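Below is one structure, written out as structure tokens, with a few remarks after it.
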Ligand SMILES: Nc1ncnc2c1ncn2[C@@H]1O[C@H](COP(=O)(O)OP(=O)(O)OP(=O)(O)O)[C@@H](O)[C@H]1O
Ligand SMILES: [Mg+2]
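Numbering (this note's numbering), first residue to last: 2 to 259.
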């Protein structure tokens, strides 16, 4: 494959459909498949969760660095803005947690009530800066359309639209796909149908013109790990969720068909 910069995969969709679980499992599969590559997992959801799913401890978040930077500027630091920005970029690498086979970065939870827009626009630059330092980046997005609308996902190359069998879930991935056509420079996009009851696995789910990357059944093993707060990386080989995530990676052209 010719060098075309990082493969940036984003998990998007309605709340509670499995974005975080699938993002974590995807990171695990990429680590197994590409041990020599530089892999980064980004928790872009202020509600947090990817770190638990991957079993990593977070100390510094992107929002911590942003706030530090803003307070330095407001505090009248005499250095030029450019120097300060250089500093902030350097600090970004301090916020990366080194885990087994991958790095991890969390956007954090802004304390100021309401508005995530500042940290979202910062996150967009962070993704851009880090894309030259990694081969694969997996972003666990916030539920809904906001981060696509705010162009946080602009540089994403592979857009994964996650839904369950619900009408609402399917509506949300259509909205995201439609907005993403203008605001995301993706090469590939497709849906993962997740946590399907046996009946929907049999009959299928009509999602219109969005290609289906994988249909994944409801899996007690996954739900159990979540209840224990254990890492999804503990899912056994051959688990249906892991197999589904691998199929999705094949469908996206990231893994070769087995
Ligand atoms: N295929 C599956 N089988 C069984 N349980 C699942 C499956 N996928 C996800 N879950 C469970 O569903 C719940 C929600 O999953 P998850 O947190 O990954 O969703 P999310 O889209 O990230 O949610 P949020 O929008 O709140 O961030 C979790 O308890 C998770 O363990
Ligand atoms: Mg989540």
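Idealized CB from N, CA, C, for every residue including glycine. Since this is a predicted model, take the numbers as computed values, not measurements.
Heavy atom of ligand 2 within 7 Å of residue 14 beta-carbon: No, since every heavy atom of ligand 2 falls outside the 7 Å radius drawn around the Cβ of residue 14.
Close beta carbons around residue 103, own chain, < 7 Å, minus the five adjacent residues each side: By the criterion of a C-beta distance shorter than 7 Å, residue 103 is surrounded in its chain by 28, 32, 40, 41 and 42, once the five residues flanking it on both sides are discounted.
Environment of residue 44 [buried if 16+ CB atoms lie within 10 Å]: Counting Cβ neighbours within 10 Å, residue 44 comes out buried, since at least 16 surround it.
Own chain residues within Cβ distance below 8 Å of residue 223, not counting five before or after: Close CB contacts of residue 223 within its chain, under the 8 Å cut and outside five residues either way in sequence, are with 22, 233, 236, 240 and 242 (chain order).
Neighbour-count burial assignment, residue 199, 16 or more Cβ in a 10 Å radius: With fewer than 16 other Cβ atoms within 10 Å, it is exposed.
Span separating the alpha-carbon of residue 7 from that of residue 131: C-alpha separation (whole angstroms): 9 Å.
Cα-Cα separation between residue 72 and residue 166, rounded to whole angstroms: Looking at the backbone, the Cα of residue 72 and that of residue 166 are separated by about 46 Å.
Residue environment, residue 186, which counts as buried when at least 16 other CB atoms sit within 10 Å: Exposed.
Segment contact flag, the stretch 246-254 with the stretch 213-223, C-beta cutoff 8 Å, min 3 pairs: Yes, the stretch 246-254 is in contact with the stretch 213-223.
Assigned secondary structure, residue 99 (DSSP; H/G/I helix, E/B strand, else coil): Residue 99: strand per DSSP, three-state reduction.
Three-state secondary structure (DSSP) of residue 192: Note: residue 192 maps to strand in three-state DSSP.
Closest residue to residue 36 among 197, 253 and 137 (Cα-Cα distance): Residue 137 is the option with its Cα nearest to residue 36.
Under 8 Å between C-beta atoms of residue 1 and residue 13: Shown here, the chain extends from 2 to 259; a query on residue 1 therefore has no answer.
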